[in-house]
Amino acid sequence: MPLKKKLNQPTLSLNGNGNDADETISLKLAAQKDGKWSKVLEIPLTFVKIPPLDTGTKVYTGQAECKGNEGKPYTVKVRVTTVNGRIALLEDNGTEIPGTIDESFWLGGDVMGPSGMPEKLKGKTLEEVLKARTTPSEKEEEKVDAISGATLSSDAVKYAVIDALRSKPLREGTGEIAPPTFQSTRQVAPNGKINSIFVTMKAPEGAVIHYTTDGSEPTEDSPTPSKDPIFHEDSGAELKAERETYADGRVILLKAAAFQDGKRSETVTGRYVFANPNPKHSYELGQFSGKADGITARVEFESPNFDQKYYLTKIRLDDASEKAYAAFLPELFSQIYLKQGVEGVTPISGHEEESRKVLAAVQAALQEGSVAAEPVITVTPKQGNYGNDEKVTVEITCATDGAEIYYVVENSNDLTNGKLSDFEKHKVLYEKTLTLTMENPKGGTLYIRAAAKVGEKNWSPTARKDLTFVKAVGAEAFEVNGSKYGTWKEAVSALEEAGSGEIILRDDVELQEKDAFPSVSCAIRSGNERKCKIKGGVMEAKADITFENVVYDVNRIHGNGHSVTIGADVETPFSFTKRAIFAGTAHDAEEKEITANPVLSVESGKFALYGSGSSGTTLKGNVEIKVKGTADVEIAGAYMNSTVDGKVTVSVEDGAVLSEFLGELSKGSVQALELVMTGSPKLDGRTFRGTVNGTPKGTLDLRQASLSPEQVEKFKDFAEVLKADSPAAEETLTKPDEETVTVEKEKEEAAEEAAVIAKMIAEAVSDFSDPGESDLL
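Its first residue numbered 4, the sequence shown is counted upward by one per residue in the working numbering.
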């Protein structure tokens with residue numbers, strides 16, 4: 004029966020009834036003056052039963068309301084792991100902050116960061132958490148256990164933890180120490196050649212983490228975390244898509260446990276997914292919700308590669324459903340991520356009925372964000388570029404039933420300020436196969452864009468295909484042995500029939516992807532009228548080849564063991580990267596190992612020269628690289644992950660510009676290396692090293708050089724220096740100053756990483772679809 008008492012002092016002491024159970028009482032307060040009563044203030048007070056400390060590991064979830072600083076209350080959600088009754092881990096469990104001010108308190112105060120509330124409550128029991136002083140107050144002693152500047156959210160975390168520890172555990176185990184934690188920037192990534200997910204792992208101080216990725220239980224013989232290849236500070240596991248092996252994508256089951264002094268934690272499990280886009284429809288960027296069978300699902304779509312391909316990356320259910328179905332949701336969600344939809348997803352064994360309910364709710368949310376699949380533009384013939392008058396057949400399809408396709412075709416010669424037009428204004432309904440050609444002797448590019456839609460839904464992502472047509476040439480553009488020819492193919496055939504000679508250019512020529520250099524030694528030069536341009540993409544030398552008196556605009560040549568010569572009067576148009584010439588083969592060549600003794604000789608123009616082939620190739624033999632005249636070059640003896648089984652000899656003469664020298668790039672290898680400097684070549688760069696792979700490599704010959712001490716000091720990591728300016732300079736060349744070793748090493752590692760990433764991107768360009776629609780080309 005309620006008792007009403009008069010309060011005769013400013014404080015009131017209350018106790019529970021002492022029963023072996025939680026007890027909640029209601030305290031009501033009111034004031035009386037001159038026979039009038041104030042409003043009644045009611046305060047619920049709960050006396051919590053403190054259970055005895057148990058053994059093993061338990062995992063709980065809990066939540067509490069935070070009133071916020073902006074008048075927008077939000078729910079703080081936590082996940083708590085205890086070991087032997089004490090908090091070992093405190094993690095955020097999906098708290099969503101509604102306002103920017105509250106978010107700034109939450110993030111700025113690092114409330115759930117390593118030094119935030121997880122650290123303050125670590126090691127505490129339920130009883131000790133109840134006594135934690137986090138009350139928002141002007142009095143410091145009442146909030147000493149809160150995060151300074153974030154008292155409201157700290158207090159909410161405390162009560163969320165109390166809620167968790169008073170609930171039934173989600174999982175129980177026999178672990179004796181705190182388990183590791185996983186952290187990654189994403190759980191779902193596109194199934195691409197260069198895509199990976201780095202999962203950071205952390206464990207209590209002194210504990211060692213062991214992990215597996217094949218679903219087996221980790222033991223002390225399992226791998227330990229390695230350094231993040233990009234940021235270095237963190238350790239964990241780098242998970243890779245391996246698309247060549249898993250063409251349909253895959254789910255990687257990452258398991259880890261901590262070990263310390265003979266004790267073992269519980270195993271923690273994470274599921275990370277590499278997925279292909281949904282083949283039947285696309286998604287819109289953003290978050291969408293749906294409801295079915297009393298379950299509310301929210302999904303999020305993102306474009307991880309910023310390429311208009313949107314992936315399902317997050318699924319959340321309402322709090323009650325997430326807690327009720329926690330036992331099987333991670334496995335079910337990973338299947339949905341892999342399929343990028345619910346079609347084909349198998350209900351979890353033992354939870355079939357609940358799985359179907361969840362799948363129905365997720366499908367309702369997916370439907371809200373789905374649009375027609377991105378159209379597929381197919382061209383015939385399929386090649387890198389086309390002859391000026393060549394006809395190309397274009398077919399556009401969409402995998403979504405009932406979708407209408409619209410398209411726009413624009414010619415680069417007709418664009419205003421280089422901008423593509425508004426798709427909506429100029430779109431045309433696609434009804435039949437298109438036949439396209441350039442119809443301009445100057446050549447150019449046709450830009451094809453296509454999008455689809457179903458009913459009143461929004462547009463699909465826009466597909467794009469660019470068709471490049473080469474410049475037309477005159478009827479007598481090529482001359483071989485006095486005879487004129489109108490095509491490159493005819494000129495090459497005539498030269499091959501003659502056995503050797505030269506091709507004289509009497510017009511600018513743009514080589515097609517299907518064009519080839521002659522299979523006999525030759526020279527290519529301009530006629531007397533003017534200096535003509537020869538333009539091309541990636542070309543293969545089939546014999547020794549020389550370029551003279553031309554404007555050289557070939558992106559890359561693989562010498563395949565043949566000699567390549569650039570004469571004294573060759574120009575290279577402006578480009579952000581130098582034209583590359585490799586002595587060896589391409590990374591995708593049928594024969595990745597060749598035997599030859601090629602010579603690369605450059606007297607003019609700007610080039611990047613490599614004594615090896617591309618990544619993954621081997622050249623057996625000796626290579627000479629000769630640079631003189633007005634040439635401006637970057638040189639590497641061995642490209643990344645390539646091998647020269649022989650000696651690479653590089654000579655740079657007076658007047659030339661050496662902007663970079665690396666005897667061995669990352670994981671590249673040369674058997675022997677010599678760099679000979681003659682006169683006073685200009686050193687226009689910062690990196691001049693024998694190797695980046697550790698032990699100094701090769702000989703630097705300065706006996707005929709006239710370099711300043713400052714120039715000499717630029718050279719590093721050579722095993723031997725001949726005729727250095729002084730003993731001090733020689734010491735600098737072979738043994739860097741100990742005080743600068745750490746800084747230099749960091750710079751080297753950063754440069755190597757940048758180069759590796761650039762290489763991966765360059766070699767993976769073919770894996771991506773054509774660029775998305777852009778307003779500015």
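Think of the CB as a built atom: it goes at the ideal place given N, C-alpha and C, for glycine as much as any other residue.
Query - Alpha carbon of N20 to alpha carbon of A206, nearest angstrom - result: Approximately 42 Å between the Cα atoms of the pair.
Query raised in the report: How would you label Q12, buried or exposed, when you count the other beta carbons within 10 angstroms and need 16 or more for buried?
Result: Around the Cβ of Q12, a 10 Å sphere holds fewer than 16 other Cβ atoms; the residue is exposed.
**Report entry** Residue environment, S285, which counts as buried when at least 16 other CB atoms sit within 10 Å
**Finding:** Around the beta carbon of S285, 16 or more other beta carbons lie within 10 angstroms, which makes this residue buried.
Report task. Helix, strand or coil for A731, going by three-state DSSP, please let me know. Result -> Confidence at A731 is low in this model, with a pLDDT of 39, below 50, so the placement of that residue should be treated as unreliable; the coordinate-derived value is given next. Shown here, A731 sits in a helix according to DSSP, grouped into three states.
Query raised in the report: Expressed to the nearest angstrom, what Euclidean distance is found between the alpha-carbon atoms of K9 and A91?
Result: Roughly 45 Å separates the two Cα atoms.
Report task. Kindly identify the DSSP beta-bridge partner or partners of A639. Result -> Partner(s): Y613, L665.
Query raised in the report: What number of angstroms, rounded off, separates the C-alpha of N18 from the C-alpha of L369?
Result: The alpha-carbon atoms of N18 and L369 are separated by roughly 52 Å.
Query raised in the report: By how many angstroms is the C-alpha of T465 removed from the C-alpha of V483?
Result: Cα to Cα, V483 sits roughly 47 Å from T465.
**Report entry** Contact under 9 Å by Cβ, R319 with G97
**Finding:** Yes; because the gap between Cβ atoms is below 9 Å, this pair is in contact.
Query - Which listed residue (V302, V512, G640, R253) has its alpha carbon closest to that of K536 - result: The residue among V302, V512, G640, R253 with its C-alpha nearest the C-alpha of K536 is V512.
Query raised in the report: Around the C-beta of S607, are 16 or more other C-beta atoms found within 10 angstroms, so that it is buried, or is it exposed?
Result: Only buried fits S607, as 16 or more other CB atoms lie within 10 angstroms of its CB.
Requested in this report: Select from H354, G539, Q263, V412 the residue whose C-alpha is nearest the C-alpha of A453.
Outcome: Among H354, G539, Q263, V412, the Cα nearest to that of A453 is on V412.
Report task. Determine contact between the segment 216-229 and the segment 160-173, defined as no fewer than three beta-carbon pairs at a distance below 8 Å. Result -> A contact is defined here as three or more CB-CB pairs under 8 Å, and the segment 216-229 fails this definition with respect to the segment 160-173.
Query raised in the report: Where DSSP assigns a beta bridge to A290, which residues make up the other side?
Result: The sequence as given places Gln at residue 290; Ala does not occur at that position. DSSP lists E303 as partners of Q290.
Requested in this report: Give a yes or no on contact between the segment 354-364 and the segment 385-403, applying the rule of three or more CB pairs nearer than 8 Å.
Outcome: No, they do not touch.
Requested in this report: Give, in chain order, every unbroken run of the alpha helix (DSSP H) that is at least 4 residues long and sits entirely within the segment 414-490.
Outcome: Fully enclosed alpha helix (DSSP H) runs of 4 or longer: 426-429.
Query raised in the report: By how many angstroms is the C-alpha of N644 removed from the C-alpha of A599?
Result: Going from the Cα of A599 to the Cα of N644 covers about 19 Å.
**Report entry** DSSP state of F262 mapped onto helix, strand, coil
**Finding:** Three-state result, F262: strand.
Query raised in the report: With which residues is Y340 paired in a DSSP beta bridge?
Result: Bridge partners of Y340: none, in fact.
Query - For Y410, three-class secondary structure by DSSP - result: Residue state, collapsed to three classes: strand.
Requested in this report: Could I get the ranges of all uninterrupted beta strand (DSSP E) runs contained in the segment 73-152, with 3 residues as the minimum, in chain order?
Outcome: As far as the segment 73-152 is concerned, its whole beta strand (DSSP E) runs of at least 3 residues are 77-86, 89-95.
Query raised in the report: Pick from K631, L514, F291, A641: whose alpha carbon is nearest that of N625?
Result: Minimum Cα distance to N625 is reached at A641.
**Report entry** Classification of A330 by the beta-carbon crowding that lies within 10 angstroms, buried from 16 upward
**Finding:** Per the 10 Å Cβ criterion, exposed.
Query raised in the report: Which residues in the same chain have their Cβ closer than 6 Å to the Cβ of K726, if we skip the five residues on either side of it in sequence?
Result: Same-chain partners within the cutoff: L705, R706.
Requested in this report: Note down the Cα distance separating K700 from V655, rounded to an integer number of angstroms.
Outcome: Rounded to the nearest angstrom, the gap between the Cα atoms of K700 and V655 is 18 Å.
Report task. Answer yes if the segment 288-299 comes into contact with the segment 235-253, meaning at least three C-beta pairs across the two stretches below 8 Å, and no otherwise. Result -> Judged by pairs of C-beta atoms under 8 Å, the segment 235-253 does not touch the segment 288-299, as fewer than three such pairs exist.
Query raised in the report: Near G658, which residues of its chain fall below 6 Å by C-beta distance, leaving aside the five closest residues on each side in sequence?
Result: Result list for G658: empty, nothing under 6 Å.
Query - Status (buried if at least 16 other CB within 10 Å, exposed otherwise) for A149 - result: Buried.
**Report entry** Cβ-based neighbour list, A33, same chain, cut-off 6 Å, excluding 5 preceding and 5 following
**Finding:** Excluding residues within five positions, the ones whose Cβ falls inside 6 Å are W40, S41, V43.
Query raised in the report: Would you report the Cα separation of V651 and E505, rounded to the nearest angstrom?
Result: Using only the alpha carbons, I get a separation of about 29 Å.
Report task. Using a threshold of 9 Å, state whether the C-beta atoms of L622 and V653 are closer than that. Result -> Not a contact, by the Cβ cut-off of 9 Å.
Query raised in the report: Since F277 sits in a beta bridge, which residues does DSSP pair it with?
Result: Answer by DSSP bridge pairing, in chain order: A192, R253.
Report task. Taking all protein chains shown into account, decide if L335 is buried (16 or more other Cβ within 10 angstroms of its Cβ) or exposed. Result -> It is buried - the Cβ of L335 has at least 16 other Cβ atoms within 10 Å.
Query raised in the report: How many angstroms separate the CA atom of F664 from the CA atom of T694?
Result: Put simply, the backbone Cα of F664 is about 9 Å away from that of T694.
Query raised in the report: CB-CB under 6 Å to V630, same chain, minus the five flanking residues each way: which ones, in chain order?
Result: So the qualifying residues of the chain are V605, V636, V655, A659.
Query raised in the report: Is it a yes or a no for the segment 286-295 touching the segment 436-455, going by three-plus beta-carbon pairs under 8 Å?
Result: Note that the segment 286-295 does not touch the segment 436-455; fewer than 3 beta-carbon pairs, one per stretch, sit closer than 8 Å.
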